[in-house]
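Q: There's a structure below that I have some questions on.
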Amino acid sequence: MTVVFLGIDLAKNVFALHGVDAAGKPCLVRPQVRRDQLTELVAKLSPCTIAMEACSGAHHWARTFSAFGHTVKLIAPRFVIPFRMGGKRGKNDQADAAAICEAMQRPAMRFVPVKSVDAQSMLALHATRQGFVQARTATINRLRGLLSEFGIVLPLKAQTIRKRAAEALEGLPGWARFACTDLLSEVGRLDERIDTYDTHIRLSAQHDATCRRLMQMPGIGPTIASALRASVGGGHDFDNGGQLASWLGLVPGQYSSGGKNRLGRITKAGDSYLRMLLILGARAVLAAAAGKKDRISRWAVSLAERRGYWKAVVAIAAKNARMAWAMLSGTSRNPSQRPETAQSRP
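When the count follows UniProt numbering, it moves up by one through the sequence shown with no breaks and lands on 346 for the last residue.
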C-alpha cells in the first residue's frame, strides 16, 4: 500500500510516524524511529503529503522532506489537540502522530508557512537580541532591588537608573558596593550587545527592498520591518490584512451567541514578539501625532480622545499590520507615491 498522508510527531531523538493510504487505512505505523533513521525512511517513500507540528526543528525537517519531492505542511499544535484520541489522558507520541495525520486532512485546516534558511537566520538575530533585552531588564531590576535595601529607591527609567546608581555606589558598604558595581557593569555589557544586534538588523533591513518599503510606514522601523519580512514573507498565506491582524492577536475576541455579537479584549494569540513590536511602534505614532496634521495622525489623536489611549494604540497597531500585509503582498502602492489629495482626506 502507498502512503498518501503521513503524520510525524517530532522529538529530539525518537520520532513517531503514522501514515494512511488513499482510503484512510493505516499502512505505516512506526511508534519509534531514531533520528538517524528518519531521513532515510522518508526518502524511500513515494511522494506524499507530510504534516508535522510547528515546533522546534519543524522548519528544518520541512525543508529536508521537501527536497525528496514530498508536500510538507506544518500545523500549530493547538489545532492538533482536538483530533487526539483519548484527549489529554490519551497523550503519547503515537497518538500525537495519528492526530497530526487526521488534522492535516481537514479541508478547513490552517497551516504554518515553512520558513527559508534566510528567514530563520534573521529571526535568530531577533531572538538573541530579545534575550539580551530581557536579561538587561532583569539585571536592572535586581540592581534596583539591592539599592532599595540600603534606602536608595530609583525610578523605573533605565537611563536614570544607570546615572543615579553610579552616583550612589560610593555610599554603599563594601560587599554591597562590589555587587552593585558588578551589576552596573553587566548592564553596560548588555547595552553593547543589544546595540550590536540593532546595527546588524538595521543594515539587513536597509539592504532589503521590501523592508525599505515597510519602513516608509509610520511606526515601522528596521526591527519591525525585518521581523515582519522574516515571519510573514510575502503575506501569501493570508487572504487579507485582517487575517494577519487576527494571527497577531490584535483583534477582539468574540463571545457571541443567539444572534448577539459580543466583542471582548484582544485575543493576544499568535506571534507575541511581532505583536509587541507593533504595539511599541503604535505608541511612537500616537506620541508624535499630537503635532501633526496628516490624515493618520488626526485619526489617531481623535481615536485616543474618543476611546482612550490603549485602545487607540491597539487600533494603530492593527492598522499597521493590515497596511503591512498589503505592502508585502504587492496590493498597495508605495506610500511615497500616494497622492496629496488622498492624504488630505479625513
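The C-beta atom is built at its ideal place from N, Cα and C for all residues, glycine as well.
What do you reckon, are the CB atoms on residue 254 and residue 264 nearer than 9 Å?
A: Position 254 of the sequence shown holds residue 254. Position 264 of the sequence shown holds residue 264. A contact, by the Cβ cut-off of 9 Å.
Q: For the segment 62–121, list the alpha helix (DSSP H) runs that are entirely contained and at least 4 residues long, ordered along the chain.
A: 77–80 and 93–103
Q: Count Cβ pairs between the segment 185–201 and the segment 125–140 that sit closer than 8 Å; are there 3 or more?
A: yes
Q: Output the distance between the C-alpha atoms of residue 260 and residue 250, rounded to the nearest integer angstrom.
A: By 1-based counting over the sequence shown, the position of residue 260 is 260. By 1-based counting over the sequence shown, the position of residue 250 is 250. The straight-line gap from Cα to Cα measures roughly 22 Å.
Q: Measuring CA to CA, which of 60, 83 and 80 is closest to residue 72?
A: Within the sequence shown, residue 72 is the residue found at index 72, counting from 1. Here the closest residue by C-alpha is 60.
Q: In whole angstroms, what separates the C-alpha of residue 288 from that of residue 300?
A: As a position in the sequence shown, residue 288 is number 288, starting the count at 1. As a position in the sequence shown, residue 300 is number 300, starting the count at 1. Taking the straight line from one Cα to the other gives about 10 Å.
Q: Pick out the complete beta strand (DSSP E) segments inside the UniProt domain "Transposase IS116/IS110/IS902 C-terminal" (211–287), 3 residues or longer, and give them in chain order.
A: 252–254 and 263–266
Q: What do you reckon, are the CB atoms on residue 218 and residue 285 nearer than 9 Å?
A: Counted from its first residue, the sequence shown places residue 218 at position 218. Counted from its first residue, the sequence shown places residue 285 at position 285. Yes.
Q: If you compare alpha carbons, which of 43, 175, 22 and 15 is closest to residue 31?
A: Position 31 of the sequence shown, counting from 1, holds the residue named residue 31. With distances taken between Cα atoms, residue 31 lies closest to 15.
Q: If we count the other Cβ atoms within 10 Å of its Cβ and call it buried at 16 or more, is residue 175 buried or exposed?
A: Residue 175 sits at position 175 when you count from the first residue of the sequence shown. By the neighbour-count rule (16 or more Cβ atoms within 10 Å), residue 175 is not buried but exposed.
Q: Please check the pair residue 317 and residue 282, which I expect to be a contact at CB under 8 Å, by giving their CB distance rounded to whole angstroms.
A: The sequence position of residue 317 within the sequence shown is 317, counting from 1. The sequence position of residue 282 within the sequence shown is 282, counting from 1. That belief holds up - the Cβ atoms of residue 317 and residue 282 are roughly 4 Å apart, short of 8 Å.
Q: Using a Cβ distance threshold of 8 Å, determine whether the segment 158–166 contacts the segment 121–133, with at least three qualifying pairs required.
A: The segment 158–166, when compared against the segment 121–133, does not touch it at the 8 Å Cβ threshold.
Q: Can you tell me the Cα-Cα spacing of residue 313 and residue 304, whole angstroms?
A: Sequence index remark: in the sequence shown, residue 313 carries index 313 (1-based). Sequence index remark: in the sequence shown, residue 304 carries index 304 (1-based). If I take the Cα positions, the gap works out to 8 Å.
Q: Can the beta-carbon of residue 233 be found closer than 9 Å to that of residue 169?
A: On the sequence shown, residue 233 is found 233 positions in, with the first residue counted as 1. On the sequence shown, residue 169 is found 169 positions in, with the first residue counted as 1. In this structure, residue 169 does not lie closer than 9 Å to residue 233 by Cβ.
Q: Residue 70 and residue 50 look like a contact to me (Cβ under 8 Å); what is the Cβ gap, rounded to whole Å?
A: Walking along the sequence shown from the start, residue 70 turns up at place 70. Walking along the sequence shown from the start, residue 50 turns up at place 50. 5 Å between Cβ atoms; contact.
Q: So the alpha helix (DSSP H) residue 180 belongs to, where does it begin and stop?
A: Start at 1 with the first residue of the sequence shown, and residue 180 comes out as number 180. Taken as a continuous stretch (DSSP letters only), the alpha helix (DSSP H) holding residue 180 covers 174–206.
Q: In the structure shown, what three-state DSSP assignment does residue 303 receive?
A: Your numbering for residue 303 matches position 303 in the sequence shown. Three-state DSSP puts residue 303 in a helix.
Q: Is DSSP giving residue 21 helix, strand or coil here?
A: Within the sequence shown, the letter at position 21 stands for residue 21. In the structure shown, residue 21 sits in coil (DSSP, three-state: anything other than H, G, I, E or B).
Q: Let me check understanding here. Comparing Cα to Cα, which of 142, 44, 210 and 277 lies closest to residue 179?
A: Counting from one through the sequence shown, the residue named residue 179 turns up at place 179. For residue 179, the nearest C-alpha among the options comes from 142.
Q: Enumerate in chain order the residues of its own chain whose CB-to-CB distance from residue 97 is below 7 Å, with the five nearest sequence positions on each side excluded.
A: As a position in the sequence shown, residue 97 is number 97, starting the count at 1. Within the same chain, residue 97 has close Cβ partners 7, 8, 9, 16, 17 and 18.
Q: Do residue 247 and residue 269 have their C-beta atoms closer together than 9 Å?
A: Locating residue 247 in the sequence shown gives position 247, where the first residue counts as 1. Locating residue 269 in the sequence shown gives position 269, where the first residue counts as 1. Yes, they are a contact pair.
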